[in-house]
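Protein sequence lines, in the order shown, are assigned to chains A and B. Under the numbering used here, the first residue of the first sequence carries the number 1, and numbering increases by one thereafter. Under the numbering used here, the first residue of the second sequence carries the number 216, and numbering increases by one thereafter.
Number of protein chains: 2
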Amino acid sequence: MTQAGPGRPRLREPRRPGATARAEILDAAAELFTTRGFASTSTRLIADAVGIRQASLYNHFATKNDILLALLEGTVEPTIEFDANLDADQPAAVRLCALAWFDTAQLCAHRWNLGALYLLPEVRAEQFGRFRAERDELAERYRDLATAIVGPRDPRAELPFRLVESAIASRADNELVDAQLPEVLATASLEVLNVGDIAAVKRRARALVIGVPGI
Amino acid sequence: MTQAGPGRPRLREPRRPGATARAEILDAAAELFTTRGFASTSTRLIADAVGIRQASLYNHFATKNDILLALLEGTVEPTIEFDANLDADQPAAVRLCALAWFDTAQLCAHRWNLGALYLLPEVRAEQFGRFRAERDELAERYRDLATAIVGPRDPRAELPFRLVESAIASRADNELVDAQLPEVLATASLEVLNVGDIAAVKRRARALVIGVPGI
């Protein structure tokens, strides 16, 4: 019989960060997908990196695509939730600044640079439609807030979302990303829309972002 | 005996855009790498898409990596050359604007969205060092010009290069990229650095960019 300590019984010492086997699988897959490549990573390799059998992995995820889907959704869902809880009475510029600030911080906070997987050809498959719809929803939030500032049919309304996602390329290019990057990109998101009195907007946005879990 | 018309004799009708077999191979590989994935594409598949034998492909490129290297270098070398020919007497803001304008235009002009391959884990291998050095050189040109505007140790100096490369994500997300994108991103590159009298800077930059092949 296996002796397990108090709490959730474990048959093995965890090898990876994560409180559950599911979290360990996601961490191992995130590392392999971003450093070795999605196509070149098998579920066997992921199971080996966690130190479990492939059959145990299948208790948590039916396919490798399901693992990728969970990882990708994890990059947008916290920000969608943050946005949904923003006070709608705040001016559009304040909400946009807070959104860009939070979003950049969470893109930078994940242990692996998962945004680098957005451009995988595999992600265009139907199975990833739910993730693509969520990311589109997020892009539309940025666009709506920006349009409230610059007016309709202005191509600059696309820029804040693009600036925030540039954190992905920054992470790919630099071992250590500048700790100021969330603030820098949130500020740039206002500059490209010619927002006035950016210092005041940032003060109010900062108050919405500080204390939020994940920042 | 095979009858060949005037000019370079061809044993087959070309299937792909490109004046030479080498160009056809690059076009087929660019399509397959960006739509199917690099790891999932073999040299056999590329040869099939061109309509040549694998052995003929090896006359032009020794390995699949060599094809990728040629494609990646093709995304930065025209811009490095454009920059090298810019009049050094022009103010930094004008040169930066022209550089961003030209670079975005060339990233958008290529038939396939090759920038989407920058984040491939495979590109971190030693064999791609030459490409990475060229892209770093280009990033440094942007940084130097931006630093001449905002001063040293200002994190905003990174933003123009990031804005220009956001054209890659725009292409990935939209069938048709806004024809104004080069101008929009060139303008945004100035806005994020708080450049004054942007209209005048853009007029001078436009004169440097118009008439350049590839724009």
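Glycine included, C-beta positions come from ideal geometry on N, C-alpha and C. Nothing here was measured: the structure is a model prediction, and the numbers come from that model.
task: Using a threshold of 7 Å, state whether the C-beta atoms of Trp112 of chain A and Thr20 of chain A are closer than that.
output: Counting from one through the first sequence, the residue named residue 112 of chain A turns up at place 112. Counting from one through the first sequence, the residue named residue 20 of chain A turns up at place 20. The answer is no: Cβ separation not under 7 Å.
- prompt: Nearest chain A C-beta to Asp302 of chain B closer than 7 Å, yes or no?
  reply: Against the second sequence, residue 302 of chain B aligns to sequence position 87. It does not; no Cβ of chain A falls within 7 Å.
Beta-carbon proximity of Ala401 of chain B to Cys312 of chain B, cut-off 7 Å: Taking the first residue of the second sequence as position 1, residue 401 of chain B is located at position 186. Taking the first residue of the second sequence as position 1, residue 312 of chain B is located at position 97. By the CB criterion at 7 Å, Ala401 of chain B and Cys312 of chain B fall inside the cutoff.
field: Residue span of the alpha helix (DSSP H) that contains Leu190 of chain A, given as start and end
entry: Counting from one through the first sequence, the residue named residue 190 of chain A turns up at place 190. First-last of the alpha helix (DSSP H) with Leu190 of chain A: Leu181 to Glu191.
Under 8 Å by beta carbon: chain B residues contacting Leu26 of chain A: For the purposes of this step, residue 26 of chain A is taken as residue 26 along the first sequence, with counting starting at 1. Near Leu26 of chain A there are no residues of chain B at all, since even the closest Cβ is about 18 Å away, more than 8 Å.
query: Ala116 of chain A CB to nearest chain B CB: under 7 Å?
result: Locating residue 116 of chain A in the first sequence gives position 116, counting from the first residue. It does: the Cβ of Ala116 of chain A has a partner Cβ on chain B nearer than 7 Å.
field: Neighbour flag for Glu191 of chain A against chain B, beta carbons, 7 Å
entry: Counting from 1 along the first sequence, the entry for residue 191 of chain A is found at position 191. Yes - at least one Cβ of chain B is within 7 Å of the one on Glu191 of chain A.
query: Does the distance from the C-beta atom of Thr362 of chain B to that of Ala372 of chain B stay below 7 Å?
result: Looking up residue 362 of chain B in the second sequence gives position 147. Looking up residue 372 of chain B in the second sequence gives position 157. Yes, Cβ-Cβ distance for Thr362 of chain B and Ala372 of chain B is below 7 Å.
- request: Could you tell me if Glu175 of chain A is buried or exposed, where buried requires 16 or more neighbouring beta carbons within 10 angstroms of its beta carbon?
  value: Reading the first sequence from its first residue, position 175 is the one you call residue 175 of chain A. Looking at its Cβ environment, which holds fewer than 16 other Cβ atoms inside 10 Å, Glu175 of chain A is exposed.
message: Which same chain residues end up closer than 6 Å to Glu352 of chain B when comparing Cβ atoms and leaving out the 5 residues on each side of it in sequence?
response: Locating residue 352 of chain B in the second sequence gives position 137, counting from the first residue. Nothing listed; no residue qualifies.
query: With 16 as the cutoff for other CB atoms within 10 Å, does Glu355 of chain B come out buried or exposed?
result: Along the second sequence, read from residue 1 onward, the residue named residue 355 of chain B stands at position 140. The residue in question, Glu355 of chain B, is exposed, as its Cβ has fewer than 16 Cβ neighbours within 10 Å.
- prompt: Rounded C-beta distance between Ile168 of chain A and Leu99 of chain A? I'm assuming under 8 Å.
  reply: Working through the first sequence from its first residue, we reach residue 168 of chain A at position 168. Working through the first sequence from its first residue, we reach residue 99 of chain A at position 99. Not a contact, Cβ separation roughly 17 Å.
query: Does the distance from the C-beta atom of Glu24 of chain A to that of Arg16 of chain A stay below 7 Å?
result: Within the first sequence, the letter at position 24 stands for residue 24 of chain A. Within the first sequence, the letter at position 16 stands for residue 16 of chain A. The answer is yes: Cβ separation under 7 Å.
query: Phe276 of chain B to Ile198 of chain A, Cα distance in whole Å?
result: Locating residue 276 of chain B in the second sequence gives position 61, where the first residue counts as 1. Locating residue 198 of chain A in the first sequence gives position 198, where the first residue counts as 1. Looking at the two C-alpha atoms, the distance is approximately 53 Å.
- prompt: Since Arg280 of chain B meets chain A, which of its residues come closer than 7 Å, beta carbon to beta carbon?
  reply: Here the question's residue 280 of chain B lines up with position 65 in the second sequence. Before going further, note that residue 280 of chain B is Asn rather than Arg in the sequence given. Residues of chain A passing the Cβ test: none, with the nearest at roughly 13 Å.
query: Residue ranges of each beta strand (DSSP E) run of no fewer than 3 residues wholly in the stretch 38-83 of chain A, ordered along the chain?
result: If we require 3 residues or more, the stretch 38-83 of chain A turns out to have no beta strand (DSSP E) run fully inside it.
- request: Pull out every residue of the stretch 175-188 of chain A whose Cβ sits closer than 7 Å to any Cβ of chain B, in chain order.
  value: Asp178, Gln180, Val184 and Ala188
message: Short of 8 Å in beta carbon distance, which residues of its chain neighbour Leu163 of chain A, apart from the five on each side in sequence? Order them along the chain.
response: Mapped onto the first sequence, residue 163 of chain A falls at position 163. Contacts found: Ala100, Leu185, Ala188, Ser189 and Val192.
message: Our contact map puts Thr79 of chain A next to Phe102 of chain A with C-beta atoms below 8 Å; I'd like the distance itself, whole angstroms only.
response: In the first sequence, the residue the question calls residue 79 of chain A occupies position 79. In the first sequence, the residue the question calls residue 102 of chain A occupies position 102. Sure, about 6 Å apart at Cβ, within 8 Å.
- prompt: With DSSP run on the structure shown, which of helix, strand or coil describes Trp218 of chain A?
  reply: Outside the shown range of chain A, which is 1 to 215, sits residue 218 of chain A, and nothing can be said about it.
field: Closest residue to Pro160 of chain A among A:Asn65, A:Leu145, A:Asp27 and A:Phe38 (Cα-Cα distance)
entry: Here residue 160 of chain A refers to the residue found at position 160 of the first sequence. Cα-wise, what sits closest to Pro160 of chain A is A:Leu145.
7 Å Cβ cutoff, Gln3 of chain A in contact with chain B: Position 3 of the first sequence, counting from 1, holds the residue named residue 3 of chain A. Bear in mind that the predicted position of Gln3 of chain A carries a pLDDT of just 43, short of 50, making it unreliable; the figure below should be weighed with that in mind. Closer than 7 Å: no.
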